[in-house]
Structures are given as structure tokens and as C-alpha cells.
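*Asks:* Chains as they are written, first to last, in our numbering: chain C, 1 to 397; chain P, 1001 to 1397; chain L, 2001 to 2397. Each residue gets a CB set at the ideal place from its N, CA and C atoms; glycine is no exception. Could you have a look at this structure, given as C-alpha cells, before my questions?
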Amino acid sequence: SSRTTTVGGLVLDWGKGLPELTTPDGEYSFRFRGRILADYGAAFGSRFSAQNVSRTTLRAARLGVEGRAKQLSWVFEGDYSNNQISVVSAYATWSDKMAGHLVEYTLGNKFNERTFDGSGGSDQTVFLDRDIVANALLPVKGWYGLGGAFKIFGKSWHVAAQISGDDINSANITNNVRDDMTYELRTHWIPWRTKTSLIHLGAWGFYEDVKPAATFSQSTRLLARTDDAFAARINSGPIANSLAGGLELFGIWKSAWALGEYGARHMEFRNTYGAQTFPYRAGTVQAASLQAGIFLTGETPNYFAHTGQWAMPRVLDPVSDGGIGAWEIAARGDWLDAWDIPGGTKAWSATVGVNWYIVNYMRIMLNYTHAHVDNKAGAYPGATGGNIIGVRSGITF
Amino acid sequence: SSRTTTVGGLVLDWGKGLPELTTPDGEYSFRFRGRILADYGAAFGSRFSAQNVSRTTLRAARLGVEGRAKQLSWVFEGDYSNNQISVVSAYATWSDKMAGHLVEYTLGNKFNERTFDGSGGSDQTVFLDRDIVANALLPVKGWYGLGGAFKIFGKSWHVAAQISGDDINSANITNNVRDDMTYELRTHWIPWRTKTSLIHLGAWGFYEDVKPAATFSQSTRLLARTDDAFAARINSGPIANSLAGGLELFGIWKSAWALGEYGARHMEFRNTYGAQTFPYRAGTVQAASLQAGIFLTGETPNYFAHTGQWAMPRVLDPVSDGGIGAWEIAARGDWLDAWDIPGGTKAWSATVGVNWYIVNYMRIMLNYTHAHVDNKAGAYPGATGGNIIGVRSGITF
Amino acid sequence: SSRTTTVGGLVLDWGKGLPELTTPDGEYSFRFRGRILADYGAAFGSRFSAQNVSRTTLRAARLGVEGRAKQLSWVFEGDYSNNQISVVSAYATWSDKMAGHLVEYTLGNKFNERTFDGSGGSDQTVFLDRDIVANALLPVKGWYGLGGAFKIFGKSWHVAAQISGDDINSANITNNVRDDMTYELRTHWIPWRTKTSLIHLGAWGFYEDVKPAATFSQSTRLLARTDDAFAARINSGPIANSLAGGLELFGIWKSAWALGEYGARHMEFRNTYGAQTFPYRAGTVQAASLQAGIFLTGETPNYFAHTGQWAMPRVLDPVSDGGIGAWEIAARGDWLDAWDIPGGTKAWSATVGVNWYIVNYMRIMLNYTHAHVDNKAGAYPGATGGNIIGVRSGITF
């Protein structure tokens, strides 16, 4: 195939869009990587007319570099969407063997594993956005954290552990504010597997010790990211710590797949902040999501068994070879209950989607979402709801 | 030539500064690209002494990547000048044939074709800045837009059509504000061509439906971009929509070239914004520009016939081969009349320039501009004028 | 060695982490380069309890590109730490011969040579941060400047001269403010050299003509950059100009090295700013630093004789080959006296450090610093002090 070019032993593999260069002995390699996700969303049906708007946005615009020299590898990647730089990956990993198992030690800023839908990249989710378990049960520090990670891999399982301070930022440094400290763990196991089917079981959890702040607020978008209108909002007092955990059940049968996730987060709020004192307050947020889909064109669902997460599909009949690409249809229901929290919220949504994979690394996505939300506090309070049609042109290179 | 290295069929072309890698079958390629434009400007002669300052700036500091796999190509490029990231190109293009003609379908954030001087890159203009037709007759969304584009190419013509929402930004999302919608069209035709001469005719237009805003303001710099002093400023009420169009006439005769452009933009202003009401207001902005130049060292003017815009010149006697490089002299007159607009302006300027192209992709530029401006409102109102000497070291890789 | 791959004459050198591509005739080359420095710091012992915090930060997160075509080379590099883009290098250099000596002419934004510890990269210093001579005797424009530079190199010496306006920024342009103009010079000479030992003498200076401003303030961190707590702060009136100079004495004896630096900066303050008038004020800041270290594993200290600055060490027994890496221990004392300045400061600190170089381009660093500071004005005034333990995972590619 012309996708792999070998010149004098040097291997250039073009399968992912940009070539990966590897030396003849396989000991050195490097590649560039990136993604461009361009979205359009049109919202309608809200009782707040200001929410019924349509617009474009770049969901992600990333460029990064990966290198490897023997056991030492590194990744550096930035996100440029919204015209603001955000360093996402910036770490070095040492790979080794421990009792016959691959182990990885990582130092730096890295994406944290948490939930099935939340452990993969934004370019790999089946719908325009991740499920509500991933989006709502998020530690204060966010999706990334600066710290250390350890992973160990078996034939059909892996365990990932991470200790991290806050994601990169400068405000804390000049204000002499300490980091949030977050301890995260995720594991997956494939108890049953045939040539065309498998069952994935997963579990995850985190504990976070949150730095002092005046308030706690969180906004979880229920529709595509083009629009901030239908967001489940928590506007509460300062948080002291939280403990969260969840379960994943995923299965593949030929070209069909299904994923169920459930998780909960117990939050304890601070009794004091500065000169203020508060009564004892705590509460639990629960979230669940159920989704299923099928490739009409016969592809195997895009699951990466090594780490138990989404991957790029392998299109059987790419448009670049004169084919029709891969076609996938899918549906998802999401449910959130944070009514227990002071200034909390509750919400549910239903989404159907069609994905057209032109080649492995480019897809056109169409989603329709209907959402209901009831926020106790903040903008657009009370029970409301609406719809959004979302479209994406997504390329991963 | 050492500019093309072929190893085992893999082709590395170094002609543009950074190598472009192409597979033996020509189906895959990628390259990095960028530009650094470092400017110095010294202003004098204004009746406002605060305007007579001299300073340095980076006019552009860009780095990007281009890839292609068969018919699918993509570009990702960011501008880092002023230490603020601005994603300029982030799109995927599918190339195909339609009735024997090359056609391109593009989705993502892309530069819009508009005017002759405004359709090329900032590193390709003959003077330090584009002509006033390109700079003043600009839609509200700016030079780039997120949306879809279609281009079709003939032997001596092309047509480019584009529908786009706003350029990338996050403010609109969190505020639930809709996009401006802009429809743009440009075409060029070469009716006459010999081995050493040609005539280019071009036409362009746009219609924009502008989102609600409290005011409309626009600042068009008359001198180099090092200085904001001599700017033609419009400070007016909120705009509802505008319709613009223009004509291009360009010609080459041996080493000499000339370009004339004219355009107009009719703006309708809003009758209401929030609780405010306004009387009916509308107005037309007109701009014209005339420029001509000659390569003293015999080069062919740097025109790219495929898309009808500026390109990099092909230096006959590069300094890196012990030569004297290419020398070009040029002059330009610009005229703007936005006096018809509430809070409008009028201005004219005259510029002479010398360009020394050390190699194809590096040039030293020297401009002298004399400008007059009369702003109805805003900073530095009333009739004023002045001069600027501008110097640039520009490298494109 | 697999570190150099030659395919059909094209040379790929992987020695620095990312491959450098060079054509067979050596006339064209390019490479990517970057660094990730991930830090953790824990502060304790201050009488201000708000200063005793621990946190993580990215000290540097950089990605850049270098290219060369015959005599013309260029560098473009950005820093992304703190999630803010900062263009650090953006310049073009022409290399030539003058009376048998290599000379370099540079235009663009470039790092300025100043002090021994301040002339190298942040990934090459022996301790987590540069010495106080480099950090405190800094011109107003900062570490980088946009302008022109000239360098000439002999067998055992070099001279670097630079004229530059401000580092890249946009505030000055839109406010019509002129640049600071800074003139810098640095030279080094190696009067004595054997196979295992050498003496380096260096001298540097700068004069700056500072643009009008309301105040002058400077904050020099005494501990690692994770924490802004123990900073020597100058909070004074507007500065008119300053003249600074210093001396460097560096030596290597087998695996041990020592560096002494001293410098002073005389500052003249403005007599007027806007409608305000001030009495005549001037003052001198003095700084000195003494540091020494030894490689326990027998490496040669990481000195780059061509430009007289730090470089990457050459690890004799890398961990990637099953070795123990390189181990270095070092100590430093820093002293600052800015008591002479209105709103000035005085400070001293002592640091010990251990560096473990896993391979040439990756190191783990551990520093303990004890610091005393006495600020006349600003946050945390009066005599105070404290300690910080700092750790870094640093990779250069």
C-alpha cells in the first residue's frame, strides 16, 4: 500500500493523515498530530427567545508533536479553538516491563482517564459531545492535570492511576494560591471476547481536595458546544472536597455496540471562607447515560481494547477509493440529578445522530438533541427545554 | 538541483524554505509553512504630537501545517503576532473534477477572497500593507470565516463562493449571540495572454447580515501597521446589513505591472437596538486604489494566474548564489470616501516602495507613505495628516 | 549508531530527540525543537502564612522550528506555558565570513545575551532558575527584543551586539506608545584551555532609553518559579534610562565547574510624567552570585565554548542503555542590593541541588532554597524569609 513508504529502511506510515517516521531498528520515531472540528448548531424551541440562536464554532483546533527514543516518549499538544491557547498534553513517559506487563510512568500535564466516554479524545466520540456522566462528574481542576501518572496493561485489562495538581494556569502563581489536589483511578477488563463480539467492564473514581474559593459553579452543556443556552448549572457555595465514582458497561456484537454508564459525586462544602461562615452542607450528584449504535456499512465499532476507550474506525470502503465511506447511526439518552446540591439542577436529554466517515480520519456528523433542564439558580432559571440541530466536519491528522 | 532530494522515490522539495515530502506515487504529501514579518516604523509630521512615534512590531508570525491524502487535503495555521494566538486556517478540502474542471469543496475556517490585493497573503503584498480597497471594504466578521466554500477553476479563470459565520471566537458562545452571516463571491478572468504579458479582470462582492450590536466602529490604518495613529475611523450606530462589490484590473508587461481597483459598500443601519430606536440611516463607502511597479533586475511580476492573486517572485540571481537578488520599485495611491456614513471619514494616501528580494522567500522592504485623513468622530478628529517610513524584514518558509 | 539514519544521502540525526533532516550536500536542513519543564514547589517557613503554599506549574512549554537554506537560516518558537502564547524566537539570520571569522546578521525577535546564566535557555540552567545577576539586572523590555543583532566568532571568543525595541506586544501599537530602545553587548574569551580544563572570562552591558510610564516595578523571584511569594520587589517612580554591566568568571576542571558573576545597574528616574513632576532621583542595583557543581558520574560540565554559555550534557551511561544516567550536585549563593533605589529591596538566598540526567535531553531536578528578602514597598513588606523545595521533570526535544 502507498500508505507505508520505506526508504533505505526508514519507514513513513501515512495511515493517520500525517506521516510517522520510524528508524529501521524501530528505536526512534516521531510524528505530528492534530484535529480540526468545525461545528454549526441551530437551537430552537426554548421559552427564552435569546436561547434560540444559530452559530458556528471550532469545537477543537489542535496541533501537537509526539516523539520516542527507545523507552522515552513525549507528547506536546495545544488547543487553539476560540483563539485562546490551551496546552493540553505536555508530558514525558518512560515505558518499561513489570512482571511481564507493560508499565508507563508519566510526568507532566496529561489528560485524565474518567468514564468511558470521557477517556477518549474529542475527535473520537460518537456524538458531538461526550455523555453527561463524563461532562457533569468532572473534578474542579478540569479534564487535564499537571502531575504524575502510572499505567499497567494486561492482555485484556489495564489500570491507570494519577495524582495531579491543577491544569496549567498562571493566576494561582501570582496570587500564591495552592493547587487543587486530585487522585484519580480507572480500570477496565474484557471478561469475554470472540472474533466479532466483546464485553467491556469499567470502573473509575476520584477524590479531590479543593483549594479555597468564594463560590462553586459548574455549567454542563446539554446540547452541542455551539450554544451555551441549555446548560445544567450548579451555582453554590465554596466546595471543600468531593469523592466520585462510576461504572461502565460496553459491548460489541458484529457492527453494533451499546454503552451504559452511571456515576455519582458526593460534594462537601466549606464551613468558612475568609471571614464568612456557613452551616454544614453536602450533597450528591448522580448521572447516567445509555447509548447504542450500528455501522450500516459493516465496520467493526471503533473500540480500542488496550485502554478501553473509543478509537478511529477502520472504514471498509473509503470515498477516496471511490467507495461510499462508512455510515453509522446512533441514539443516546442522558440523565442528571444534582437537585440535592444547594443551587443545584436536574436535566435529561435525548439525541439521535448519523455519522458519515469519508475516510478513517475524516467524518461529517449530524445530531438532533432534545433537552429539558431545571436550574435552581443562575441565568435562565426554572424548568425549560429546547432542541438543537448540530453538524460537524471533523478531521484528525 | 539540491532543492529537490529524492530518496527511494520519496521526494523532498526544499524550494519554499521548508521541505515538502511527497510519496513516490504522488498520493500523499505534507509540509510545514510559516512566515515572520518584522517591521519598524517611524511616523512624523502630524499636528498631534502623540502620533509622531517610532516603534517595532511583528506584522505576522505564523506557523502551520498542510497535508494531503489523495483528494483530501487540510491546512492548519495560527498567527502568533502580538503574543495572541489567532487561528487563521483550519479547514479540510475535497478536490474533484466537474465537467473537466478542477473543483474544491471546503469546510472550516478559511481566508475569504475579496479584492485583488486582499485575496493574497500578508507576505506577498508589494507594499507593507494591502491597498485601501481591501482594508476598508471589509465585512464585520473580518478576513476569515467559519463555514463552507466552493471553488471551480478553468484554464484562464476561476470562481470562488463562500458562506460563512463569524471568525472563531468564544465570546459569542457564552453570550448566546448569533453569528454574522456573510455570502462572498469572487471571480477572475484572463482575456489576453502572451508569453510576457497578460490582462487580468476581476470582480467580487459580498452581502452580510450583521448580528445585533450596540455600535459599529471600524479603523483602517493608512500607514504601516506599526502605528495606529493615521487611521481612517468610522464610529457609527449599529449596522443591520451591508452589500459590497468591486472590480479589479491588473496587467503585466515584461517586468512591469499595474493594478487598479475600485469598490463600494452600501450599509444599512439598525432602527432598534435593545430599548433604543433610531431614525432610518444608510450610507455608502467608496474606495479606489492605483498601483504600479517594475522589477529592475528583470524578474516576471509575482502573479499566480490560477487564482488571480499575488505570489512569491522567482528571483533570477539570488544572493545565496552570490547574486544581487531581485530589486523592485513601486508606487501606489489610495483614496477613501466614507463621508456619507454617520460618524464617517475620508482619506487619501500616496506611497512609494523599494523591495529587495534576497532569495525567493526572503525580502527587505522600504516604504514611504504620506497620508491625509479627516475623521468625523473618535480619537484625533478633524483634518490631519503625516508621514511614515516603514521597513520590513520578511521571510516565508 | 541508530541515532543517525542516512537514506539515499539524506541525513536524519536523532541525537536531540527530534530528527534533524539535512540534504546530502549539507545545504538545506530543518528540525523541530521544543521543551517541557514541569515543576512542583512546596514553600514553608514564611511569617506570612499565605506564602506557605505548594503547587505545580509548567516553567516552560515550547515548540519551534529551525530551517536553513545555504547561508540563510530562521527560527520560529513559541512558549505556551501558563496557557498564554509568547513568541520567543522569530528571526532570520544571514551567516557569512569576515576576515576569516564567522559572522551572523540577524533581524527579528531574538533572545538577548546578558550574563553567563542568563544567556542560555531555561532548559540548560543547573538550578531551577537562573542566578540573581541574570534575573535582577534585566532591562525593562525583558529577555527578548525585536530588532537587529550582529555576532562575530573567533576560535576562543565571540562578541554579540544587539539593538532592539520592545519585545512583541500590541498594547503599544493601539496606544501609539514608542518602544524602549535597548543597546546590548556581550563578549567572552577563553584565555586558557587544556583537554579537561578551561577558564572563561566574560563581560556584558546594556544601555536602555525607557519610554514614559507612570511607575516602575520589578519582581525578582528568589525561589523556584512555582511560587511568587519570596520575591524581591522594586516599586518606584517612572524610569528614564539605565546603564548596566557585569563580569563573568567560569572554570572547568575535569567533572567540576564553578561560576562567579557580578553586575550593577544604574537607573535614572524621570523628572516628569504627564502633569506630575518629581525631584531628581537615581540609584544603583548590585547583584552577585557564586555557584559550583560536580558530575559524580564523570561527565564533562555542559559548557558550549562557541558562545560561552550552558549546553546539554553528554551523558556517559544513559538509562535508556541500561545505565544509571548522569548525577550532578551543585550549590549556589545569590546576593542582591537594591536598597539604594526608591522603593527598593535587598535579598540573599542559598540553594543546593541534585540533577539526574536520564538521557542527554531529559533530567529530573531537585532544589532546596533558603531565602531572605526585605522589600521597602509592595506586597509582603519588611524583612521576611522562607524555604522552598522544588522538583522538575525537564525534557528538551
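Evaluate contact between the stretch 1101-1108 of chain P and the stretch 1334-1346 of chain P, counting only Cβ atoms and requiring at least three cross-stretch pairs below 8 Å.
*Replies:* Counting Cβ pairs under 8 Å, fewer than three are found: no touch.
*Asks:* Taking all protein chains shown into account, decide if I2036 of chain L is buried (16 or more other Cβ within 10 angstroms of its Cβ) or exposed.
*Replies:* Counting Cβ neighbours within 10 Å, I2036 of chain L comes out buried, since at least 16 surround it.
*Asks:* Would you say N102 of chain C faces chain L, with C-beta separation under 8 Å as the test?
*Replies:* This sequence places Leu at residue 102 of chain C; Asn is not what is there. Chain L contact via Cβ: absent.
*Asks:* Could you give the C-beta distance for K2070 of chain L and E2027 of chain L, rounded to a whole number, given that I count them as a contact under 8 Å?
*Replies:* The Cβ separation is near 5 Å, so the contact holds.
*Asks:* Is the CB-CB distance between D117 of chain C and L146 of chain C below 8 Å?
*Replies:* No. Outside cutoff.
*Asks:* Rounded to the nearest angstrom, how far is the Cβ of L1296 of chain P from that of I1329 of chain P, given a contact under 8 Å?
*Replies:* At roughly 7 Å, the Cβ-Cβ gap stays under 8 Å, so L1296 of chain P and I1329 of chain P are in contact.
*Asks:* Round the Cβ separation of R2055 of chain L and T2226 of chain L to the nearest angstrom and send it over; I've been treating them as touching at under 8 Å.
*Replies:* With 8 Å as the limit, R2055 of chain L and T2226 of chain L qualify as a contact, their Cβ atoms being about 5 Å apart.
*Asks:* How do the stretch 137-146 of chain C and the stretch 208-215 of chain C stand: do at least 3 beta-carbon pairs fall below 8 Å, yes or no?
*Replies:* Cβ pair count under 8 Å is three or more, so yes.
*Asks:* Does the stretch 91-102 of chain C touch the stretch 278-290 of chain C, meaning 3 or more C-beta pairs lie closer than 8 Å?
*Replies:* No: the two stretches stay apart, fewer than three of their Cβ pairs being nearer than 8 Å.
*Asks:* With three or more beta-carbon pairs closer than 8 Å as the criterion, would you say the stretch 112-127 of chain C touches the stretch 2060-2076 of chain L?
*Replies:* With a cut-off of 8 Å, the stretch 2060-2076 of chain L and the stretch 112-127 of chain C do not count as touching, because too few Cβ pairs lie within range.
*Asks:* Should A2213 of chain L be listed as close to the ligand ADP, given that the test is whether its C-beta is under 7 Å from any heavy atom?
*Replies:* Of the ligands one can find in the structure shown there are none, so the ligand ADP has no counterpart to examine.
*Asks:* Taking Cβ-Cβ distances shorter than 7 Å, what residues in chain P pair up with L2146 of chain L?
*Replies:* Within 7 Å Cβ-Cβ: A1038, T1056, L1058.
*Asks:* From I1388 of chain P to S1217 of chain P, what distance separates their C-alpha atoms?
*Replies:* Approximately 24 Å, taken between the alpha carbons.
*Asks:* Specify the secondary structure class of Q51 of chain C as computed by DSSP and reduced to three states.
*Replies:* The answer is helix: DSSP assigns Q51 of chain C an H, G or I state.
*Asks:* Grab me the residues of L2198 of chain L's own chain with a C-beta within less than 8 Å of its C-beta, minus the 5 sequence neighbours each way, in chain order.
*Replies:* Counting only Cβ-Cβ distances below 8 Å, and skipping sequence neighbours, we find I2190, W2192, G2251, I2252, Y2303, A2305.
*Asks:* What number of angstroms, rounded off, separates the C-alpha of A326 of chain C from the C-alpha of G394 of chain C?
*Replies:* Going by the C-alpha atoms only, they are around 14 Å apart.
*Asks:* Determine the closest residue to K2195 of chain L out of L:P2301, L:Q2309, L:E2268, with distance taken between C-alpha atoms.
*Replies:* Taking only the C-alpha atoms, the option nearest K2195 of chain L is L:P2301.
*Asks:* Taking the alpha helix (DSSP H) that V2177 of chain L belongs to, which residues open and close that run?
*Replies:* No alpha helix (DSSP H) contains V2177 of chain L, which DSSP labels as neither H nor E.
*Asks:* Check the Cβ-Cβ distances between L2063 of chain L and every residue of chain C, and say whether any is below 8 Å.
*Replies:* Yes - at least one Cβ of chain C is within 8 Å of the one on L2063 of chain L.
*Asks:* Whose CA, out of P:L1316, P:H1101, P:F1278, lies closest to the CA of S1156 of chain P?
*Replies:* Measuring from the Cα of S1156 of chain P, the nearest candidate turns out to be P:H1101.
*Asks:* Under the DSSP definition of a beta bridge, which residues are partnered with R1031 of chain P?
*Replies:* Note: R1031 of chain P sits in a beta bridge opposite P:E1020, P:E1066.
*Asks:* Determine the extent of the beta strand (DSSP E) in which V1159 of chain P is found, giving its start and end residues.
*Replies:* Note, V1159 of chain P: beta strand (DSSP E), 1157-1164.
*Asks:* Do D2131 of chain L and S2242 of chain L count as a contact pair if the criterion is CB distance below 8 Å?
*Replies:* No; because the gap between Cβ atoms is not below 8 Å, this pair is not in contact.
*Asks:* Between which two residues does the beta strand (DSSP E) harbouring V422 of chain C extend?
*Replies:* An answer regarding residue 422 of chain C cannot be provided, because it is not within the stretch 1 to 397 covered by chain C.
*Asks:* Given a threshold of 16 other Cβ atoms within 10 Å of its Cβ, counted over all protein chains shown, does S2049 of chain L qualify as buried or as exposed?
*Replies:* That one is exposed.
*Asks:* In this structure, how does DSSP classify A1311 of chain P when only helix, strand and coil are distinguished?
*Replies:* A1311 of chain P: coil per DSSP, three-state reduction.
*Asks:* Mind pulling the chain P residues with CB within less than 7 Å of S122 of chain C?
*Replies:* Neighbours of S122 of chain C on chain P: none; closest Cβ ~14 Å, over 7 Å.
*Asks:* Go ahead and pull the three-state DSSP assignment for I2168 of chain L.
*Replies:* I2168 of chain L falls in the coil class under three-state DSSP.
*Asks:* State the beta-bridge partners of D374 of chain C as determined by DSSP.
*Replies:* BP columns for D374 of chain C point to C:K346, C:A383.
*Asks:* Decide if G1993 of chain L is buried, meaning its Cβ has at least 16 other Cβ atoms within 10 Å, or exposed.
*Replies:* The structure shown does not extend to residue 1993 of chain L, since chain L is modelled only from 2001 to 2397, so the question has no answer here.
*Asks:* Check each residue of the stretch 250-270 of chain C: if its Cβ is closer than 7 Å to any Cβ of chain P, include it; give the result in chain order.
*Replies:* Listed by position along the chain: nothing, the set is empty.
*Asks:* What number of angstroms, rounded off, separates the C-alpha of I2364 of chain L from the C-alpha of Y207 of chain C?
*Replies:* Straight-line Cα distance between these residues: approximately 27 Å.
*Asks:* Name the chain L residues whose beta carbon is nearer than 8 Å to that of D166 of chain C?
*Replies:* What D166 of chain C touches in chain L: R2055, T2056.
*Asks:* So which residues on chain P does G2142 of chain L lean against when the C-beta distance must stay under 7 Å?
*Replies:* None at all; the shortest Cβ gap to chain P is about 11 Å.
*Asks:* Under 8 Å, Cβ to Cβ, is there at least one residue of chain C near V1352 of chain P?
*Replies:* Cβ-Cβ to chain C under 8 Å: no for V1352 of chain P.
*Asks:* Quick one: using the 10 Å Cβ neighbour count with 16 as the cut-off for buried, is P1313 of chain P buried or exposed?
*Replies:* That one is buried.
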